[in-house]
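Here the structure is laid out as structure tokens; the discussion comes afterwards.
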Amino acid sequence: MPSIFVSNRVLLDKSLIPATIFVGDTGKIENLVPGVIFPPPANSTLGARYFDFSSKVILPGLVDAHVHLNEPGRTEWEGFATGTRAAASGGVTTVVDMPLNAIPPTTSVANLETKLAAAKEQAYVDVAFWGGVIPGNQDDLIPLVDAGVRGFKCFMIESGVDEFPAVDESDIETAMTKLAGSGSIFMFHAEMLPADGEPVLSKDLSTTEYSTFLASRPDSFETTAIEKIVEIAEKVTKGKSKSDVKLHVVHVSSADVLPLLKKAQSSGLRLSAETCFHYLTFAADTVPSKATHYKCCPPIRTKENQDKLWDALKSGVLRTVVSDHSPCTPQLKDPEHGDFFNAWGGVSGLGLGLSVLWTEARKREVSLEQVSAWTSKNTAAQVGLLGSKGEIDVGRDADFVIFDPEKEFIVEESNLVFKNKVSPYKGMKLTGLVERTFLRGECIYDSAGGVYDKPTGKLILEKFSA
């Protein structure tokens, strides 16, 4: 059914302005008019629903480009139904599912088809898919591109699951060469052992202290990996167009990599990078002993490091912010002993990102418009979906977040929608509440009633569009 959305603060072309949005019965935005148009009279033949959100902000739906949904195979960790419901509760209207932690991983077309069968009729928001690069699957890459994956992720260090092994330099060069010119993007978990190997830790250090875990994953793991990525990219693109090779670094945690990224970007390499809500929120010196729900790889680092990540977002060296929602069952976090080395590494926060980021952004005088760009427009562009997602514009899907930027709330277990309620965000006081989420013009979540019962999300398998 056609709909009209109005607000005094609609995000259009980087500015919050009074506007009226006309949505057709296809769920696409058909027209935008500056200013608030009053509702049609009761006897109007227009036949359109009228939504007045004048006291709230209308933002484009978030595109979370880094989510582990883990189905099939580890659905006790998460799943399409619970994960996409959590996304809807936080204004996320599109997620891109990572290729690992499900069994089988998305490393072949056959494995993708297994995942699609599991996802069918379970998606509460739209779901796109990443493929994976592992040793020996180079001939699966272009068929996966043709099947509609948004791009590929690899690990330069052990991933933590046996079915998704790390790649070496030869694997990376082969995959990069295969994907050159395909339009697809090649992404890296950029941690790699430096030439001097793993750090030697004193036996006197306690494994229940976060500082011990942090010392085991130093900044040099990330800088070594970035240096290797750039070295291989320069080799593959020698004598060719650098624009044919699109590269991306996931979950940057160390500010030491920022000069390397900036230099590579200035040289013409298409090397983009993201960071995560938790790196922009938590700092190492405030992580309590045995608090393994803070553990992730790469790790949360110092407050000074965090400040530099924010600066890199402001300058454009980092372009996107994502959740890297990587859940597990509570037992895998080793709650009995609180051993950071035994616990699964991953932070759960899907559905909280907009509120988390806005809470921190306000302290740093960062605008809501900029926060939205990092989590919607830029992420949509990264995954090749800007033609339909990430902006409020004519022709785009009518995916909206109705947001109250002043409303405060406490994160409690009752308002966590993902499956396993283990999260470092529990107990935090956040500013900015997602009041409603609309997918293609239809409300799929409201804060009063929760996520609507009918899953109306689509599985996105269209070819990558830069």
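Take the position in the sequence shown, starting the count at 1, then add 553; the result is the number in the working numbering. Even for Gly, the Cβ is constructed at its ideal location relative to N, Cα and C. Just so it is clear, the structure is predicted and the values come from calculations on it, not from any experiment.
Quiz prompt | Burial state of residue 935 (16 or more Cβ within 10 Å) | solution = Start at 1 with the first residue of the sequence shown, and residue 935 comes out as number 382. Answer is buried; the Cβ neighbour count reaches 16.
Self-check item: Among 639, 864, 566, 846, nearest to residue 903 - alpha-carbon criterion
Solution: What you label residue 903 is simply residue 350 of the sequence shown in a count that begins at 1. Cα-wise, what sits closest to residue 903 is 639.
Quiz item: For residue 889, which of 619, 845, 866, 863 has the nearest alpha-carbon?
Solution: Along the sequence shown, read from residue 1 onward, the residue named residue 889 stands at position 336. Measuring from the Cα of residue 889, the nearest candidate turns out to be 845.
Quiz item: Within 10 angstroms of its Cβ, does residue 917 collect 16 or more other Cβ (buried), or is it exposed?
Solution: As a first step, residue 917 is located in the sequence shown; it is residue number 364 there, counting from the start. The residue is exposed, with fewer than 16 neighbouring Cβ atoms inside 10 Å.
Quiz item: Where DSSP assigns a beta bridge to residue 995, which residues make up the other side?
Solution: In the sequence shown, counting from the first residue as 1, residue 995 sits at position 442. Paired residue(s): 992.
Practice problem: Look at the Cβ atom of residue 978, then the Cβ atom of residue 893, and state whether they are nearer than 8 angstroms. | Solution: Walking along the sequence shown from the start, residue 978 turns up at place 425. Walking along the sequence shown from the start, residue 893 turns up at place 340. No, these two residues do not count as a Cβ contact at 8 angstroms.
Quiz prompt | Extent of the continuous beta strand (DSSP E) run through residue 571 | solution = Counting from one through the sequence shown, the residue named residue 571 turns up at place 18. 568-576 is the extent of the beta strand (DSSP E) around residue 571.
Quiz item: Using the C-alpha atoms, what's the distance from residue 882 back to residue 966?
Solution: Against the sequence shown, residue 966 aligns to sequence position 413. Against the sequence shown, residue 882 aligns to sequence position 329. Near 15 angstroms, if we compare the C-alpha coordinates of residue 882 and residue 966.
Quiz item: Do you know how far the Cα of residue 615 is from the Cα of residue 956?
Solution: Within the sequence shown, the letter at position 403 stands for residue 956. Within the sequence shown, the letter at position 62 stands for residue 615. Using only the alpha carbons, I get a separation of about 12 angstroms.
Quiz item: Taking the alpha carbon of residue 910 as the point to measure from, which residue in 754, 884, 898, 832 has its own alpha carbon closest?
Solution: As a working note, residue 910 is residue 357 in the sequence shown. Answer by Cα proximity: 832.
Exercise. Mind listing, in chain order, the continuous beta strand (DSSP E) runs of no fewer than 3 residues lying wholly within the segment 871-957?
Key: 873-875
Exercise. Please report how far the alpha carbon of residue 812 lies from the alpha carbon of residue 802, in whole angstroms.
Key: Indexing the sequence shown from 1 puts residue 812 at position 259. Indexing the sequence shown from 1 puts residue 802 at position 249. Those two C-alpha atoms are separated by around 14 angstroms.
Self-check item: Coarse secondary structure for residue 662, derived from DSSP in three states
Solution: As a first step, residue 662 is located in the sequence shown; it is residue number 109 there, counting from the start. DSSP places residue 662 in helix when its eight states are reduced to three.
Self-check item: Contact under 8 angstroms by Cβ, residue 679 with residue 1010
Solution: Working through the sequence shown from its first residue, we reach residue 679 at position 126. Working through the sequence shown from its first residue, we reach residue 1010 at position 457. A contact, by the Cβ cut-off of 8 angstroms.
Practice problem: Let me know if residue 686 comes out buried or exposed under the rule of 16 or more other beta-carbons within 10 Å of its beta-carbon. | Solution: By one-based count along the sequence shown, residue 686 stands at place 133. The residue is buried, with at least 16 neighbouring Cβ atoms inside 10 Å.
Quiz item: So what does DSSP say about residue 774, is it helix, strand or coil?
Solution: Sequence index remark: in the sequence shown, residue 774 carries index 221 (1-based). Here residue 774 sits in helix by DSSP.
Quiz item: Which term fits residue 884, buried or exposed, when burial requires 16 or more other beta carbons within 10 angstroms of its beta carbon?
Solution: Start at 1 with the first residue of the sequence shown, and residue 884 comes out as number 331. Its Cβ having fewer than 16 others within 10 Å, residue 884 is exposed.
Quiz item: What is the DSSP secondary structure of residue 681, reduced to helix, strand or coil?
Solution: Looking up residue 681 in the sequence shown gives position 128. In the structure shown, residue 681 sits in a strand (DSSP, three-state: E or B).
Quiz prompt | Given 8 angstroms, three or more beta-carbon pairs between the segment 683-697 and the segment 626-644 | solution = no
Practice problem: Would you decide whether residue 958 is buried or exposed? Buried here means 16 or more other CB atoms lie within 10 Å of its CB. | Solution: Working through the sequence shown from its first residue, we reach residue 958 at position 405. Buried.
Exercise. For the segment 767-843, list the beta strand (DSSP E) runs that are entirely contained and at least 3 residues long, ordered along the chain.
Key: 799-802, 823-829
Self-check item: Distance CB(residue 930)-CB(residue 921) smaller than 8 angstroms
Solution: Here residue 930 corresponds to residue number 377 of the sequence shown, with the count starting at 1. Here residue 921 corresponds to residue number 368 of the sequence shown, with the count starting at 1. Cβ distance not < 8 angstroms, so residue 930 and residue 921 don't count as in contact.
Exercise. Look at the alpha carbon of residue 717 and the alpha carbon of residue 743, and state the distance between them as a whole number of angstroms.
Key: Counting from 1 along the sequence shown, the entry for residue 717 is found at position 164. Counting from 1 along the sequence shown, the entry for residue 743 is found at position 190. Each residue's alpha carbon lies about 15 angstroms from the other.
Practice problem: Have a look at residue 982 and residue 784 and give me their C-alpha separation to the nearest angstrom. | Solution: Looking up residue 982 in the sequence shown gives position 429. Looking up residue 784 in the sequence shown gives position 231. Between residue 982 and residue 784, the C-alpha separation is close to 44 angstroms.
Quiz prompt | Residue from 926, 581, 915 with nearest C-alpha to residue 567 | solution = Residue mapping note: residue 567 aligns to position 14 of the sequence shown, counting from 1. Residue 926 is the option with its Cα nearest to residue 567.
Exercise. With DSSP as the reference, label residue 858 as helix, strand or coil.
Key: Walking along the sequence shown from the start, residue 858 turns up at place 305. Reduced to three states, the DSSP call for residue 858 is helix.
Self-check item: the segment 844-864 / the segment 783-797 touching (three or more Cβ pairs under 8 angstroms)
Solution: no
Quiz item: Are residue 933 and residue 991 touching if we call contact CB-CB under 8 angstroms?
Solution: Taking the sequence shown and counting its residues from 1, the one referred to as residue 933 is at position 380. Taking the sequence shown and counting its residues from 1, the one referred to as residue 991 is at position 438. Taking 8 angstroms as the Cβ cut-off, residue 933 and residue 991 do not qualify as a contacting pair.
Self-check item: Cross-strand partners of residue 704 (DSSP beta bridge)
Solution: The sequence position of residue 704 within the sequence shown is 151, counting from 1. 738.
Practice problem: Could you check the C-alpha separation between residue 565 and residue 946 for me, to the nearest Å? | Solution: For the purposes of this step, residue 565 is identified with residue 12 of the sequence shown, where counting begins at 1. For the purposes of this step, residue 946 is identified with residue 393 of the sequence shown, where counting begins at 1. Taking the straight line from one Cα to the other gives about 7 angstroms.
Quiz prompt | Where residue 729 falls, given that 16 or more other Cβ within 10 Å makes a residue buried | solution = The residue labelled residue 729 in the question sits at position 176 within the sequence shown. The residue in question, residue 729, is buried, as its Cβ has 16 or more Cβ neighbours within 10 Å.
Exercise. Could you tell me which residues DSSP puts in a beta bridge with residue 649?
Key: Here residue 649 is taken as the residue at index 96 of the sequence shown, counted from 1. 681, per the DSSP bridge assignment.
Quiz item: CB-CB under 7 angstroms to residue 998, same chain, minus the five flanking residues each way: which ones, in chain order?
Solution: Walking along the sequence shown from the start, residue 998 turns up at place 445. Excluding positions up to five away in sequence, the list reads 641, 642, 989, 990, 1004, 1005.
Self-check item: Contact set for residue 984: own chain, Cβ-Cβ below 8 angstroms, skip 5 residues either direction
Solution: Residue numbering aside, residue 984 sits at position 431 when the sequence shown is read from its first letter. Counting only Cβ-Cβ distances below 8 angstroms, and skipping sequence neighbours, we find 908, 911, 912, 915, 958, 959, 960, 961.
Self-check item: Span separating the alpha-carbon of residue 610 from that of residue 602
Solution: In the sequence shown, counting from the first residue as 1, residue 610 sits at position 57. In the sequence shown, counting from the first residue as 1, residue 602 sits at position 49. Residue 610 and residue 602: Cα-Cα distance of roughly 19 angstroms.
Exercise. Under the assumption that residue 620 contacts residue 590 (Cβ atoms under 8 angstroms), give the Cβ distance between them as a whole number of angstroms.
Key: Mapped onto the sequence shown, residue 620 falls at position 67. Mapped onto the sequence shown, residue 590 falls at position 37. Not confirmed; about 37 angstroms, so no contact.
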